[in-house]
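One point on numbering: in UniProt numbering, the residue at position 114 of the sequence shown is 114, and numbering is uninterrupted. Heads up, the beta-carbon is just placed ideally off N, CA and C, and yes, glycines get one too. Values in this document were obtained by computation on a predicted structure and should not be read as measured data. Working notes, structure below.
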Amino acid sequence: MKKIFLALSLLIASYSVYGQGIMVAGKVGTSISTIKTNRVNDFNYKPNFNFGVVVEAATNDLFSLQTECMYSMISSKSEGTTVNLNYVDFPILAKITFGKSKRFFFNAGPMVSILARAKEKGPINILDGSLSTAENSNERDGMRYLNNSNFSMVFGIGALIDNIMIDFRYITGFTDISRAQGNDLSVSRFDITVAYALVF
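Structure (structure tokens):
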């Protein structure tokens with residue numbers, strides 16, 4: 001975790017040297033997510049919240065690099081059991097922007113996510129891979145059954161009007177987040193966020 005924060009700090013510091021313009025923004029929104037698996041019926045899409053900060057450095061009016069630190073709450077349900085996963089997300093996005101007063105953009109790039117919390121609640125044990133009947137339907141901890149990190153790709157579109165940035169993106173997980181043998185799990189989600197941006 002320390003290495004990730006150090007890398008982000010160095011990247012942001014390099015922006016201040018080489019960037020032609022710096023944007024800093026606070027953002028909040030919703031993640032509409034599902035968990036893909038080979039063991040049970042498909043999970044339902046469920047909404048939850050995300051929030052964080054954005055730093056963007058432009059090399060010119062067309063191209064920029066954008067890094068973020070986001071806290072994302074992921075929820076999905078299958079077989080009557082709801083799985084709640086919280087991640088700290090670190091996307092690094094290439095961004096193409098068009099327009100003058102009203103600016104529209106496309107962005108894409110990789111994202112590394114660090115697992116912060118994992119809970120499930122319902123009649124079936126899913127995260128441990130057993131699919132057995134739970135002793136009770138109370139909330140159960142699932143951190144030990146999941147990998148600490150997840151790798152995804154991000155594809156998004158959005159607009160910046162005055163200081164308000166609206167961002168819609170699709171995020172697809174490329175790695176198996178489960179440690180349980182044969183219990184392949186991956187996260188896919190749609191994020192919709194609104195940010196207030198300051199440009200320097």
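Per DSSP, Ile32 forms a beta bridge with which residues?
Ile32 is bridged by DSSP to Pro47 and Phe190.
Please state if the CB of Ser78 and the CB of Phe43 are separated by a distance shorter than 8 Å.
Taking 8 Å as the Cβ cut-off, Phe43 and Ser78 qualify as a contacting pair.
Start-to-end residues for the beta strand (DSSP E) that takes in Leu160
From DSSP, the beta strand (DSSP E) with Leu160 extends over Ser149 to Ile161.
Could you check which residue in Phe51, Leu185 and Ile35 has the C-alpha nearest to that of Val28?
Closest by alpha carbon: Phe51.
Rounded to whole angstroms, what's the CA-CA distance from Gly158 to Ala195? Just pull it up for me.
About 11 Å.
Mapping the DSSP letters down to three states, classify Arg144 as helix, strand or coil.
Correct three-state label for Arg144: helix.
Where do the ends of the beta strand (DSSP E) carrying Pro91 lie?
Run containing Pro91: Thr81 to Phe98, per the beta strand (DSSP E) assignment.
Measuring alpha carbon to alpha carbon, tell me which residue in Ala118, Leu198, Gln181 and Gly156 is nearest Asn38.
Checking every option, the nearest Cα to that of Asn38 belongs to Gln181.
Where does the unbroken beta strand (DSSP E) through Phe168 begin, and where does it stop?
According to the DSSP assignment, Phe168 belongs to the beta strand (DSSP E) that extends over Ile164 to Gly173.
Return the CA-CA distance between Asp89 and Thr59, expressed in angstroms with no decimal places.
Cα-Cα distance, rounded: 24 Å.
What's the call for Val54, buried or exposed, on a 16-neighbour Cβ count within 10 Å?
Its Cβ being crowded by 16 or more others within 10 Å, Val54 is buried.
Might you give, ordered along the chain, the residues of its own chain that have their beta carbon closer than 8 Å to the beta carbon of Met143, omitting 5 neighbours on each side?
The residues Leu115, Arg117 and Ala118, in chain order, have a CB closer than 8 Å to that of Met143 in the same chain once the five nearest residues on each side in sequence are set aside.
What is the C-beta distance between Lys87 and Ile74, in whole angstroms, given that I count them as a contact (C-beta under 8 Å)?
The sequence given here has Tyr at residue 87, not Lys. With a Cβ gap of about 7 Å, Tyr87 and Ile74 count as contacting.
Please classify Ile35: is it buried, with 16 or more other beta-carbons within 10 angstroms of its beta-carbon, or exposed?
Here Ile35 is buried. Its C-beta has 16 or more other C-beta atoms within 10 Å.
Rounded straight-line distance, which links the Cα of Ser101 to that of Asp162:
Going by the C-alpha atoms only, they are around 7 Å apart.
Using C-beta distances below 6 Å, list every residue in its chain close to Phe104, excluding the 5 sequence neighbours before and after it, in chain order.
Around Phe104: Phe98 and Ala159.
Verify whether the separation of the beta carbon atoms of Thr82 and Glu120 is less than 8 Å.
In contact: Thr82 and Glu120 (Cβ atoms closer than 8 Å).
Between Ala134 and Ala25, is the Cβ-Cβ spacing less than 8 Å?
Contact flag unset, no.
Only counting the same chain, and skipping five residues up and downstream in sequence, which positions put a Cβ closer than 8 Å to that of Lys3?
Residue confidence is low: Lys3 scores 49 on pLDDT, short of 50, so the model does not pin down where it sits. Its coordinate-derived value is still stated next. Result list for Lys3: empty, nothing under 8 Å.
Coarse secondary structure for Gln66, derived from DSSP in three states:
If DSSP states are grouped into helix, strand and coil, Gln66 belongs with the strands.
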